[in-house]
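Q: Under the working numbering, think of the first position of the sequence shown as 1, with each following residue one higher. This is the structure, below, for whatever I ask next.
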Amino acid sequence: IRDANTPYRGADEASNPVPVELTSFGSNVIGNSVSLKWTTATEKNNSGFQVERAINTKEWVSIGFVKGNGTKLSPTEYSFIDNTVAVGKYSYRLKQIDYDGSVKYHQLSNEVEVGVPNEFSISQNYPNPFNPATKIDFTVAELATVNIELFDVSGSKVANLYSGVNEPGFYSIMLDIQMYGLSSGNYFYRFTATEVSNGKIFTSMKKMTLLK
């Protein structure tokens with residue numbers, strides 16, 4: 001992450017000065033989320049920042065917009081979180097837009113790498129309690145056969161929520177009660193990952209609550 005005390009300059013700032021002065025632009029990776037933070041020293045007619053992402057600085061895609069402060073003479077800190085990013089290396093840049101439509105690009109000086117998870121895991125579903133749908137995230141550390149099963153409080157299997165062979169990475173599934181005809185109450189979901197290379201098994205079980 002760039003030191004906040006070190007001035008940041010866009011590629012053509014010297015020849016084409018703009019009223020928004022960026023003093024820092026940095027990143028931090030937490031799991032499969034990329035947190036971007038940047039600071040402006042001053043702003044003039046700043047509509048905001050369009051956040052863009054690319055693989056190998058090609059095919060830039062807009063992933064969000066952060067509103068600016070118009071005109072301001074004191075430092076301002078901004079942040080944006082890019083959630084659920086797949087394993088890989090990425091470039092990020094800010095497209096700063098003035099109220100008159102003129103733009104200026106500020107590219108992050110380093111590539112951001114979202115690495116492979118170092119362990120198998122499954123998250124608590126969110127939201128919980130839920131109705132009618134909830135999300136479950138899980139990570140795969142090695143090539144593995146993955147199964148996620150749903151059980152009622154008596155231990156009877158209600159549904160198979162997911163089954164497949166997964167490469168190392170971050171994954172999510174959605175559970176919608178309309179797909180399974182579930183009634184209100186408590187349920188348990190079991191995550192089982194069997195490594196293809198050696199047959200080693202990881203398992204974890206969590207509780208969820210459906211409220212109608």
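Note that beta-carbon positions come from the ideal geometry of N, C-alpha and C, so glycine has one too. Quick caveat, the model's predicted, so the values are computed rather than measured.
The beta strand (DSSP E) that contains Q178, what's its start and end?
A: Per DSSP, Q178 belongs to no beta strand (DSSP E); it is in the alpha helix (DSSP H), 177–180.
Q: Which of the three DSSP states, helix, strand or coil, is assigned to Y187?
A: strand
Q: Counting along the chain, where does the beta strand (DSSP E) carrying L94 start and finish?
A: 88–98
Q: Starting from Q124, follow its DSSP beta bridges and name the residues at the other end.
A: None, per the DSSP bridge assignment.
Q: Three or more C-beta pairs closer than 8 angstroms, one from the region 121–140 and one from the region 169–182: is that the case here?
A: Yes: at least three Cβ pairs fall under 8 angstroms.
Q: Roughly how many whole angstroms lie between the Cα atoms of R190 and M208?
A: 11 angstroms
Q: Alpha carbon to alpha carbon, what distance is there between I148 and D83?
A: Before going further, note that residue 83 is Asn rather than Asp in the sequence given. The straight-line gap from Cα to Cα measures roughly 23 angstroms.
Q: Going by beta carbon distance, what residues of the same chain come within less than 8 angstroms of Q178, once the five residues before and after it are set aside?
A: P132
Q: DSSP on A141, reduced to helix/strand/coil?
A: Looking at A141 - three-state DSSP - the assignment turns out to be coil, as it is neither helix nor strand.
Q: Opposite A54 in the DSSP bridges: which residues?
A: S91
Q: Quick check: the Cα distance between A41 and V51, rounded to an integer number of angstroms?
A: 19 angstroms
Q: Rounded to a whole number of angstroms, what is the C-alpha to C-alpha distance between E43 and F65?
A: 17 angstroms
Q: For a quick check, are the C-beta atoms of K81 and S109 less than 8 angstroms apart?
A: Note that residue 81 corresponds to Ile in the displayed sequence, not to Lys. In this structure, S109 does not lie closer than 8 angstroms to I81 by Cβ.
Q: Since Y126 and V158 are thought to touch, with beta carbons under 8 angstroms apart, how far apart are those beta carbons, to the nearest angstrom?
A: About 20 angstroms separates the two Cβ atoms, so there is no contact after all.
Q: Ordered along the chain, which non-local residues of its own chain (more than five positions away) have a Cβ less than 8 angstroms from that of V29?
A: Around V29, the same chain offers S35, V112, E113, V114, G115 as residues with beta carbons nearer than 8 angstroms, after the five sequence neighbours per side are excluded.
Q: Select from E77, Y180, S123 the residue whose C-alpha is nearest the C-alpha of T215.
A: Since the first and last residues shown for the chain are 1 and 212, residue 215 lies out of range.
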